[in-house]
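Okay, so here's the structure we're looking at.
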Amino acid sequence: MYSKAELKKYSDAVATIKSITRVYEEAAARRIKLIQNSVSKIDEFLGSTADSYVNIKFGLLAEEKNKKVPRKDILTRSFREKTKKGVLVLISSHEQYFGNLIPNVYRAWKEDLLSSNLDGIIFGNTGKRLLEKDNLQKDSIVCYDLADSDPDWELVYRIGEKVASYEKIVVYYGKYRTVLTQTPEKADLSTPMTVGQVQQVKRYLFEDQGENILGFFEKEVVNAQLQKRVYQSQIARYAARIKILEIGQVAEQMSKVLGDLSRGKLKVRKNLSNKKQLQLYTGLDLWGDS
Numbered sequence: 001m002y003s004k005a006e007l008k009k010y011s012d013a014v015a016t017i018k019s020i021t022r023v024y025e026e027a028a029a030r031r032i033k034l035i036q037n038s039v040s041k042i043d044e045f046l047g048s049t050a051d052s053y054v055n056i057k058f059g060l061l062a063e064e065k066n067k068k069v070p071r072k073d074i075l076t077r078s079f080r081e082k083t084k085k086g087v088l089v090l091i092s093s094h095e096q097y098f099g100n101l102i103p104n105v106y107r108a109w110k111e112d113l114l115s116s117n118l119d120g121i122i123f124g125n126t127g128k129r130l131l132e133k134d135n136l137q138k139d140s141i142v143c144y145d146l147a148d149s150d151p152d153w154e155l156v157y158r159i160g161e162k163v164a165s166y167e168k169i170v171v172y173y174g175k176y177r178t179v180l181t182q183t184p185e186k187a188d189l190s191t192p193m194t195v196g197q198v199q200q201v202k203r204y205l206f207e208d209q210g211e212n213i214l215g216f217f218e219k220e221v222v223n224a225q226l227q228k229r230v231y232q233s234q235i236a237r238y239a240a241r242i243k244i245l246e247i248g249q250v251a252e253q254m255s256k257v258l259g260d261l262s263r264g265k266l267k268v269r270k271n272l273s274n275k276k277q278l279q280l281y282t283g284l285d286l287w288g289d290s
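What the sequence shown shows, in the numbering used here, is residues 1 to 290, in sequence order.
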């Protein structure tokens, strides 16, 4: 049985926990907005790069017009140097408290890895732990730890340069849909950059280095796309944390605590009421005896 003082102390503690939970939710929401701005900047970069890429390709086409090279071959060709077959990149997390999001992404990556026999790269200790749990350590799989809130972007860029040397590049990550929904996704970063119709072709002079410039652009696009998926994975993780705080385990525990607290308060009120009634009746008895 709780005393009135104990219940007040318990109630204050619950209120504090709720306040801290709300602070974490608001901080996560602010982080999501900031990261979304970073994703928008990458999209702007990719758009401007695509414009330059198209114009350079059409310039290269003009240089090749007297050679026996089909126009379509030039427009669809990839100029990125590829020395390895393929790699599957898993973006997991450093911490484990994101519900089922990371395990679901890992399962999709693992399934394709086992069926394809391609190389593997893992970002985050959670993915490494899951790999060790499944006893899937291979020389063809390399793991890198990456902080959840403040990743080492220089490391991401270096890995992006390494990834760009593969012919096939697939990234597995968590994607934000809504605060309540985050799904495992995969993106093929090796898809060739498309060349459509342009209104005006700008002439660039690269002293016969057009192919090298196109290869450089393609590598930069792969790297930017990888950074974008790391950002998107961050957004999904923050959303998963909000979901857990709002309606997940924390909310369930809070409801249980509040229920116990309400029942305890009710018992105290009943006891106080019974005590007052007893005192009243006892006082009347004494008054009657006098």
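For glycine and all other residues, C-beta sits at the position ideal for the given N, C-alpha and C.
Please report how far the alpha carbon of residue i lies from the alpha carbon of residue j, in whole angstroms.
i	j	result
Leu90	Ala5	52 Å
Leu146	Lys219	22 Å
Pro151	Tyr97	17 Å
Tyr144	Phe123	5 Å
Gly210	Tyr157	24 Å
Ala93	Ser40	Before going on, a small fix: residue 93 reads as Ser here, not Ala. Their backbone Cα atoms lie some 22 Å apart in a straight line.
Lys82	Glu26	44 Å
Asp112	Trp153	27 Å
Ser78	Gly215	7 Å
Val222	Lys133	31 Å
Leu34	Ala50	25 Å
Pro192	Glu44	19 Å
Gly59	Gln36	35 Å
Ile56	Leu180	44 Å
Asp188	Tyr166	12 Å
Arg31	Arg177	16 Å
Leu205	Pro70	Here Leu205 scores only 47 on pLDDT, less than 50, and its place in the model should not be relied on; the value that follows carries that caveat. Approximately 22 Å between the Cα atoms of the pair.
Asn104	Arg80	32 Å
Leu46	Arg129	34 Å
Asp148	Thr76	37 Å
Lys72	Ser48	23 Å
Helix, strand or coil for residue i per DSSP?
i	result
Pro151	coil
Tyr97	coil
Asp134	coil
Val312	Any property of residue 312 remains undetermined from this structure, which presents the chain solely from 1 to 290.
Gln234	helix
Leu90	strand
Arg77	coil
Pro209	Before going on, a small fix: residue 209 reads as Gln here, not Pro. Gln209 falls in the coil class under three-state DSSP.
Gly59	helix
Gly124	coil
Ala5	helix
Between the Cα of residue i and those of the options, spot the shortest distance and give me the residue it belongs to.
i	options	result
Glu161	Gln225, Gly99, Gly174, Asp112	Gln225
Lys168	Pro70, Leu34, Ile35, Lys85	Lys85
Ser190	Leu136, Arg237, Thr181, Val171	Val171
Ala108	Ala239, Gln232, Lys228, Pro184	Pro184
Tyr231	Arg241, Ile42, Arg30	Ile42
Asn212	Val39, Asn100, Tyr53, Glu95	Tyr53
Leu136	Asn100, Lys110, Ser40, Val87	Lys110
Asn292	Val87, Arg129, Leu130	This structure cannot speak to residue 292, because the chain is shown only from 1 to 290.
Asp139	Lys33, Ser48, Ile242, Gly120	Gly120
Leu131	Asp148, Ile235, Ile159, Ile102	Ile102
Tyr106	Gly127, Leu114, Arg31	Gly127
Tyr173	Gln234, Lys33, Arg241	Gln234
Lys175	Ala164, Val163, Pro192, Asn100	Asn100
Gln182	Ile74, Ala236, Lys72, Ile56	Ala236
Ile141	Thr76, Leu114, Leu75	Leu114
What residues are listed by DSSP as bridge partners for residue i?
i	result
Thr187	Note on residue identity: the sequence assigns Ala, not Thr, to residue 187. Looking at the DSSP assignment, Ala187 forms a beta bridge with Val171.
Lys84	Tyr166
Tyr106	Partner(s): none; Tyr106 has no beta bridge.
Gln182	Tyr176
Asp119	Val87
Which same chain residues, not among the five before or five after residue i, have their C-beta less than 7 Å away from its C-beta?
i	result
Lys228	Val39, Ile42
Ile159	Ile121, Tyr144
Should residue i be flagged as near chain B, meaning a C-beta pair shorter than 7 Å?
i	result
Gln234	Of the chains in the structure shown, none is chain B; there is only one protein chain.
Spatial neighbours of residue i within its chain, please: C-beta separation below 6 Å, excluding the five flanking residues on both sides.
i	result
Ala28	Tyr238, Arg241, Ile242
Asn125	His94, Asp145
Ala164	Lys219, Val222
Lys186	Val170, Tyr172
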